[in-house]
Amino acid sequence: MSDIHLDNRGLHPPEPMIRILEALDNMQGPGKLTAIMERQPRFLFPELETRGLRYTCEPNGDGYLLTVERDA
Numbered sequence: 288m289s290d291i292h293l294d295n296r297g298l299h300p301p302e303p304m305i306r307i308l309e310a311l312d313n314m315q316g317p318g319k320l321t322a323i324m325e326r327q328p329r330f331l332f333p334e335l336e337t338r339g340l341r342y343t344c345e346p347n348g349d350g351y352l353l354t355v356e357r358d359a
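Letter by letter, the sequence shown follows residues 288 to 359 of the working numbering.
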């Protein structure tokens with residue numbers, strides 16, 4: 288199981304989305320990705336759903352905490 292943590296603060300769209308998708312593509316087997324975001328990544332959600340990934344995106348201080356879980 289691999290865990291990845293990204294700090295996407297200070298990045299302009301679409302860079303946070305690109306970083307998240309690249310990290311998920313490189314993830315070996317099941318795992319969890321967490322990312323600190325300044326904005327809610329609404330355009331990312333449909334892509335995560337297409338890939339069959341579970342995710343939550345909750346307010347966290349002055350931004351959002353995205354958590355994506357992958358079973359395999």
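Each residue gets a CB set at the ideal place from its N, CA and C atoms; glycine is no exception.
Inter-residue distance for D312 and E334 is about 12 Å (C-alpha atoms, whole angstroms). The Cβ-Cβ distance between L353 and L308 does not fall below 9 Å. Selection F332, M324, R338, C344 evaluated against P303 yields M324 as nearest (Cα-Cα). DSSP, read as helix, strand or coil, puts E325 in coil. Taken atom to atom, the span from the alpha-carbon of Q315 to that of D349 is near 31 Å.
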